[in-house]
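Below: one structure, written as structure tokens.
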Amino acid sequence: QHGKAAGWYENGQPMSVTHWKNGKLDGESVNWYENGQKKEEVSLVTGRPLGLAKTWYQNGQKSGEISFHNGLFVSGQKWKPDGNPCPITNLKDGDGVSVVYDDSGKVLKTLKFKEGIKLDENSNE
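The opening residue of the sequence shown carries number 765 in our numbering; numbering runs sequentially from there.
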């Protein structure tokens, strides 16, 4: 694939806009929920995340901000669906723990990182 690709929900709302170069994601990638709320925004270079990736819940509250360098996680912050900071997530210099919540505030999983690489994933589903 090469160029811009876009997807749409049946209700006419945008689903995603991605950019491709030589078969790999390259450029800004944006995804939305079916209700039109932005879900995720990330820049990619040859398929690897670079810079600040942002995520949101369906209610519009910010879910997370994660910094990447050369495709590896560097640091980040997470929030609960009610807008309060996650008391468990602690990500710095590529090491730490990140919690993933569903839209109701239930913990879905806990991710562990070391030197920017995901080591372990504990699911609560």
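Every residue, glycine too, gets a C-beta built ideally from N, C-alpha and C. On a predicted model such as this, the values are computed, not experimentally measured, just so you know.
C-beta atoms of residue i and residue j nearer than 8 Å
i, j, result
"Q825", "G800", "no"
"F832", "L814", "yes"
"V861", "K873", "no"
"G897", "I852", "Only positions 765 to 889 of the chain appear in this structure, which leaves residue 897 out of reach."
"G787", "Q765", "yes"
"T819", "K803", "yes"
"A793", "V806", "Here the sequence assigns Ser to residue 793, which means Ala is not the residue at that position. Yes, the Cβ-Cβ distance between S793 and V806 is below 8 Å."
"D866", "F877", "no"
Buried versus exposed, by CB contacts within 10 Å (16 or more), residue i
i, result
"W796", "buried"
"K842", "buried"
"T782", "buried"
"A817", "buried"
"G811", "exposed"
"L883", "exposed"
Beta strand (DSSP E) segment containing residue i, residue limits
i, result
"G791", "G791 to W796"
"E879", "Taken as a continuous stretch (DSSP letters only), E879 belongs to no beta strand (DSSP E), as it is neither H nor E."
Helix, strand or coil at residue i [DSSP, three-state]
i, result
"Y865", "strand"
"K870", "coil"
"E774", "coil"
"N886", "strand"
Which parts of the region 821–861 are runs of the alpha helix (DSSP H), unbroken and 4 residues or longer, counting only runs that do not cross its ends? Here no run is fully enclosed.
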